[in-house]
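Residue numbers (our numbering), protein chains in the order written: chain A, 338 to 1150; chain B, 38 to 489. Inspection log for the structure reproduced underneath, given as structure tokens.
Printed below as a string of structure tokens:
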């Protein structure tokens, strides 16, 4: 079964766009790049040794070599690239039969085409043959710099590591949800309050009118402190907004203070700056808003101080707008009534990491990057100096303190470099105290020196394999960060040696919110959740607004994490689940999906079992169905490409030529399916679209916003198609559920998931970890009932103990 | 109820001041696009007029502050409390009989402070003072910001910062007692009382670059050593890194050349601890930086706020253990308190004298023999006329320097004029002579005070 049309093999047109956006086209193209992961399909029976009498080599030399070169290396006047790729022999056969040679496609068909395909495959086309020929470099673990996420997480944890609280991220699954509210009676404004009430408030949205907030508190004047923490799901800017006619201060990501009745600060020493300061008010309703940059996967302290003094009325409301979200209450869904330390977050802008292979990697450096890391290192140095009394005690600047300061810079370098320093390196850091007399200045210099060094900035440097390197790889793989105290302790006690020990560490680390954030980053990538165009026809879909889009995204994210963090963590559940997580707003837009289990009106997302049997897990999630659709109708091609590539795990090359879908070019009475069939009926198109279209057509029962439909353009929706699998067998598919069931059992679906997850975690290609690495992971994945978390642990172990930087080293191990 | 929107984007400390300084992340690449901080070597077409306002709190001791003789024909003679200012007596103008006539919500300390430079009422609000109705922020712009906007509107007088707000020992809270500068109604501007923060704001870019530059040799060594141990395919990235490090080195060098100040930045201990007992050192650092910023024409408007209204600084360096505000409440016949208040105000006058001296020592560019004090208008003021009476009458206004072209070397008895009129005189003296009213308009009917 052909996956790519011949003209694609012959003449990849850079940037060619068919129905795909430019980015998608690039990503598709990337599949064929030497460094990308192989998404080969299982080598099929047709690769078995030929017993035919046909002389394939002679045919190749006669009919193919004039363009492709005698050895497949190409001909600069014709097809100037080496001929290699990821198609199977069956697929190659079909391409050759239908389109080759270009000037006379009928001259090489049937058995002859099959024999030529075998010949090509064995001699130079397959990845291993291409490697032998030198068409493609053998896969290897690449030197990389820290990605932006790795840089930011590392410095956040570096500062935390020296704080009393350490860099542990606590588990709040048992914590009370909301904020601790402490209500005081005040007297003579701000003076001599007495605590009257303490409770957990699930959200801050109170209108006390002209009354009192609690028994024993006068309506004329009172004071309330709310404190707690919120979970930041994504990295980015978080906006906060307070609406109140009274006095307030909102502190975000400031270390919690001991709760005290006093709320007038006469010192000039304190460094906490409120994000929103509305302390002085003139009884008018005000909205103050501000934003702060935060790293996803961490919990940040929030404190809100509020007072009323003789104003006519009192009310207060706290809203937020997380990245990818819309304004809404910051409430129990994200709040925990616990005190947590602040996290140091670098908000220096960085140039974007390379994503040309579909995942972020640190494979290039630029002057802007150097600019950013230089600036960031100074910010870190500032933050370190600011926290020195915390790290070293108040007297760090005196003579005795100098000794601990020297020790500190060595420890700081050691943590940031993720390894022990050599004696020379220790001396180097200690010597900053000879250059700079002032302790603060010396420490600033040491911090900038540590963080400007390639030993901090690069991963996979040639280092001695050892416990430090193992710990470093585990932390980078699972957290995008530096090892924590437990990991270092294990390394020191030689407790990172056996597989069992590694497995226990990985399992512990996987339970950390940082790992959760990293995994959700993967799903964002695998499901292409990123920035998509959701603009829809307002007349057709009047309710499909920003709130709905944000809810849908959240619904999908919640669904994925529900599956991943459930006990079975079953990959197949992602495809096969028979429910959607919907909140009341979404339930109104997607009413046909079944009854809510809870009778109580709730703002929460609850599982709603599908009424339609056609729905299946992520395949039919309305967020993705809406993302892969036009503004006024479905887009079978976008949907089909997504299913083919990301779910079924088959590679598609970029289209040979740009063909735009112009609705006006079709007869008005045609269905979308008929239009697409017409558009792609050409032989060249069909070599890919025979696979893409059936995948898209099964989703025709969902409109441009992912709602069920049975009629389209006054005709019944037809979802049935024949689909030819990679092994050449043909099946009839009628619904997304059938596709999901097929994919759940399909090795190629598993392979693309495994390959992409590995890239996301390690920033390296799986093939660089040895020829058996992929098969071993696949086998283990299957044996573990497709448990995603077990797979991640397997991957962490592979990354931690697998191939070193150079092949020589790997071989000597 | 009206809804008013006010969007502020604030982040953690350093980011905030860095952004305010316009030299921070996101707005300002590490080396590219430096604004020229270099002073213009050629003489200015017109002298640079400057305004410096210095605040000290809790009223003065009228008997020690005001001279015995007033009038045009009486050379100004300071009493002993102000003797530090003796060298500048002929460049000083003292104005008795200028009142803060702003009434309305808020106690006298609050209005004394927040209506001092704004000369307009406080908004109603939720902040209760020792008496009167609770109040909010001032309802208008302060005179320094008015002058700043005037200067910034004209390319000839525009400077990088427009204005700089210095503080010394200002407590970490924002309310009508702690703010005198307003960029508009309900928009208080916080003074920067941390010399390190101010230093970074003024010279931070260069300082950061120098720091980064100081480690680059080490980075190159590391890169060189690592490169030799890498596989060929991986060397390329390190070679590029090396190339960028060299470019950065050159960029840092070029930036240092470009922003070399005509007046080199003052040597200050950037890490001084912000504690009460360091106040004298902090004060001098702030003044040094202010003079330097004025000399380098980074700004032409500056304010310096000592403590705050009702401030309780314990001036142990003067052997005064009690809080300033408590002392200011003591009756005049409490000899001990009186003596201590005298010491305190004498100390403030010494800081003023230091500022005046630093300006007088700095020649204006162009070599016409003038110095900066000749073109700078210093205004020393207080939120109260007298501490223990909380009077807003006879605010101790002392004007030093030639910025506004007033006739100096005398003390005037003005007999109870609204201080709005003084701000009109200051604005007009600095060239902003189309300003017809300032603050509460009805206090401006008679126009600027005639001080020439």
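Think of the CB as a built atom: it goes at the ideal place given N, C-alpha and C, for glycine as much as any other residue. The structure presented is a predicted model; accordingly, all values stated were derived computationally and were not measured.
Please tell me whether residue i has its Cβ less than 8 Å away from any Cβ of chain A.
i: residue 476 of chain B; result: no
i: residue 325 of chain B; result: no
i: residue 494 of chain B; result: Residue coverage of chain B in this structure runs from 38 to 489, which leaves residue 494 of chain B outside it and unanswerable.
i: residue 66 of chain B; result: Confidence at residue 66 of chain B is low in this model, with a pLDDT of 43, below 50, so the placement of that residue is unreliable and no value is reported for it.
i: residue 174 of chain B; result: yes
i: residue 389 of chain B; result: no
i: residue 265 of chain B; result: no
i: residue 49 of chain B; result: Caution applies to residue 49 of chain B, whose pLDDT of 29 falls short of 50 and renders its modelled position unreliable; the value that the coordinates give is listed next. Interface residue, yes.
Compare the C-beta of residue i against all C-beta atoms of chain B and say whether one is closer than 8 Å.
i: residue 563 of chain A; result: no
i: residue 792 of chain A; result: yes
i: residue 1102 of chain A; result: no
i: residue 544 of chain A; result: no
i: residue 757 of chain A; result: no
i: residue 694 of chain A; result: no
i: residue 311 of chain A; result: The requested residue 311 of chain A is not part of the displayed model; chain A covers only 338 to 1150.
i: residue 799 of chain A; result: yes
i: residue 549 of chain A; result: no
i: residue 714 of chain A; result: yes
i: residue 520 of chain A; result: no
i: residue 616 of chain A; result: yes
i: residue 648 of chain A; result: yes
i: residue 491 of chain A; result: no
Tell me the residue span of the beta strand (DSSP E) that contains residue i.
i: residue 462 of chain A; result: Looking at the DSSP string, residue 462 of chain A is not in any beta strand (DSSP E), and its letter there is neither H nor E.
i: residue 565 of chain A; result: 558-569
i: residue 943 of chain A; result: 943-946
i: residue 132 of chain B; result: 129-136
i: residue 1036 of chain A; result: Careful: residue 1036 of chain A lies outside any beta strand (DSSP E) and carries neither H nor E.
Using a threshold of 8 Å, state whether the C-beta atoms of residue i and residue j are closer than that.
i: residue 221 of chain B; j: residue 178 of chain B; result: yes
i: residue 448 of chain A; j: residue 393 of chain A; result: no
i: residue 833 of chain A; j: residue 804 of chain A; result: yes
i: residue 1059 of chain A; j: residue 1031 of chain A; result: yes
i: residue 218 of chain B; j: residue 208 of chain B; result: no
i: residue 203 of chain B; j: residue 340 of chain B; result: yes
i: residue 12 of chain B; j: residue 440 of chain B; result: Nothing in the structure corresponds to residue 12 of chain B, since chain B is present only between 38 and 489.
i: residue 567 of chain A; j: residue 636 of chain A; result: yes
i: residue 943 of chain A; j: residue 663 of chain A; result: no
Closest to residue i by C-alpha separation, out of the options, would be which residue?
i: residue 464 of chain B; options: B:154, B:284, B:213; result: B:154
i: residue 395 of chain B; options: B:357, B:471, B:478, B:437; result: B:437
i: residue 118 of chain B; options: B:282, B:99, B:466; result: B:99
i: residue 442 of chain B; options: B:182, B:449, B:410, B:419; result: B:410
i: residue 486 of chain A; options: A:851, A:967, A:1075; result: A:851
i: residue 457 of chain A; options: A:432, A:477, A:987; result: A:432
i: residue 267 of chain B; options: A:498, A:795, A:721, A:882; result: A:795
i: residue 668 of chain A; options: A:792, A:786, A:463, A:513; result: A:513
With residue i as the anchor, note down where its alpha helix (DSSP H) starts and where it stops.
i: residue 327 of chain B; result: 316-332
i: residue 822 of chain A; result: 822-829
Subject >> Segment contact flag, the region 133-146 of chain B with the region 415-430 of chain B, C-beta cutoff 8 Å, min 3 pairs >> reply: Below 8 Å, enough C-beta pairs join the region 133-146 of chain B and the region 415-430 of chain B to call them touching: three or more.
**OP:** Could you say if the region 507-519 of chain A and the region 831-845 of chain A meet the contact criterion of at least three C-beta pairs nearer than 8 Å?
**Re:** Cβ pair count under 8 Å is below three, so no.
Subject >> Segment contact flag, the region 683-691 of chain A with the region 643-662 of chain A, C-beta cutoff 8 Å, min 3 pairs >> reply: Verdict: no, contact absent.
Subject >> the region 1066-1073 of chain A contacting the region 1099-1107 of chain A, beta-carbon criterion three pairs below 8 Å >> reply: The region 1066-1073 of chain A, when compared against the region 1099-1107 of chain A, does not touch it at the 8 Å Cβ threshold.
Subject >> Three-pair Cβ contact test at 8 Å for the region 693-701 of chain A versus the region 918-925 of chain A >> reply: They do not touch, by the three-pair rule.
Subject >> Three-pair Cβ contact test at 8 Å for the region 606-624 of chain A versus the region 539-553 of chain A >> reply: No, the region 606-624 of chain A does not touch the region 539-553 of chain A.
**OP:** Check whether the region 995-1003 of chain A touches the region 1028-1046 of chain A, counting contact only when three or more Cβ pairs, one atom from each stretch, lie closer than 8 Å.
**Re:** At 8 Å Cβ cutoff, the stretches do not touch.
Subject >> Validate contact between the region 244-254 of chain B and the region 286-296 of chain B using beta carbons, cut 8 Å, 3 pairs >> reply: Yes: at least three Cβ pairs fall under 8 Å.
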